[in-house]
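Enquirer: Those letters in the sequence shown? Residues 83 to 213, by this note's numbering.
Backbone N, C-alpha and C define an ideal beta-carbon position, used for all residues, glycine too.
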Amino acid sequence: MTPASSLKVPVLELTPEEFVRLPHSPQLIDVRSGWEYTLFHAPNAINLSLPRILMGRLPMLRTWLWPNWFRALPKTEAIAIICLTAHRSPLAAQQLTQAGFTKVFNITGGMMAWQKADLPICRGRNTESID
83 MTPASSLKVP VLELTPEEFV RLPHSPQLID VRSGWEYTLF HAPNAINLSL
133 PRILMGRLPM LRTWLWPNWF RALPKTEAIA IICLTAHRSP LAAQQLTQAG
183 FTKVFNITGG MMAWQKADLP ICRGRNTESI D
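#1: With distance defined between alpha-carbon atoms, name the residue in Phe152, Lys157, Trp196, Gln197 nearest to Gln180.
#2: Please list the terminal residues of the continuous beta strand (DSSP E) segment that includes Val113.
#3: Restricting to runs no shorter than 4 residues, where is the alpha helix (DSSP H) found entirely within the region 129-165?
#4: Is the beta carbon of Leu110 closer than 8 Å to that of Asn126?
#5: Give me the DSSP bridge partner(s) of Asn188.
#6: Who does His123 pair with in a DSSP beta bridge?
#7: Does the beta-carbon of Asn150 have 16 or more other beta-carbons within 10 angstroms, so that it is buried, or is it exposed?
#8: My understanding is that Leu219 touches Arg134, with C-beta atoms under 8 Å, so please give their C-beta distance in whole angstroms.
#9: Please name the residue, chosen from Leu178, Gln197, Arg170, Asp200, that lies closest to Leu140 on a Cα-to-Cα basis.
#10: Leaving out five residues on either side along the sequence, give the residues of the same chain with a beta carbon under 8 Å from the beta carbon of Thr97.
#11: Are the Cβ atoms of Phe183 and Ile163 separated by less than 8 Å?
#12: Within 10 angstroms of the Cβ of Ala168, are there 16 or more other Cβ atoms? Answer buried if so, exposed if not.
#13: Helix, strand or coil for Pro105 per DSSP?
Laid out in structure tokens, this is it:
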């Protein structure tokens, strides 16, 4: 029998179209830089950059790098990760599963696929953007 602590949680892949069709969308986290996020982002996406997520793997740094809202998320909360082209988001998604999150989704194709699918986008910073 494999100990629960060594079980690997899979990161599930979703296209942007599949994500927007979900009846209860997971919290969408955009792992691009704050500057990239300001140019355009998905509605309701919260910005938490990849470096902050990766450096947060060290428990002593989480207090300073991970915002309170993020540290307070239940590990069973569904989270979807997006970046520009889906090169950074898999790294963030893997880090989050290692941090104990059990329902992590990666948006395939990133914001480029989101735009190509003609899904709504926002520009500038919204009040929920954190970086």
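Expert: To lay it out plainly:
#1: As a position in the sequence shown, residue 180 is number 98, starting the count at 1. Gln180 has its Cα closest to that of Lys157, out of Phe152, Lys157, Trp196, Gln197.
#2: Counting from one through the sequence shown, the residue named residue 113 turns up at place 31. Run containing Val113: none; DSSP gives neither H nor E here.
#3: Fully enclosed alpha helix (DSSP H) runs of 4 or longer: 132-137, 141-147, 150-153.
#4: For the purposes of this step, residue 126 is taken as the residue at position 44 of the sequence shown. For the purposes of this step, residue 110 is taken as the residue at position 28 of the sequence shown. Cβ distance < 8 Å, so Asn126 and Leu110 count as in contact.
#5: Position 106 of the sequence shown holds residue 188. According to DSSP, which records beta bridges pairwise, Asn188 is partnered with Glu95, Ile163.
#6: Sequence index remark: in the sequence shown, residue 123 carries index 41 (1-based). Per DSSP, Cys204.
#7: As a working note, residue 150 is residue 68 in the sequence shown. Classification for Asn150: exposed.
#8: One cannot answer for residue 219 here, as it falls past the ends of the chain, which runs 83 to 213.
#9: The count along the sequence shown starts at 1 and reaches residue 140 at position 58. Nearest option by C-alpha distance: Leu178.
#10: By one-based count along the sequence shown, residue 97 stands at place 15. Once the five neighbours on either side are set aside, the close Cβ partners of Thr97 are Ile189, Thr190, Gly191, Ala195, Ala199.
#11: Taking the first residue of the sequence shown as 1, we reach residue 183 at position 101. Taking the first residue of the sequence shown as 1, we reach residue 163 at position 81. Not in contact: Phe183 and Ile163 (Cβ atoms no closer than 8 Å).
#12: On the sequence shown, residue 168 is found 86 positions in, with the first residue counted as 1. Answer is buried; the Cβ neighbour count reaches 16.
#13: Looking up residue 105 in the sequence shown gives position 23. Pro105: coil per DSSP, three-state reduction.
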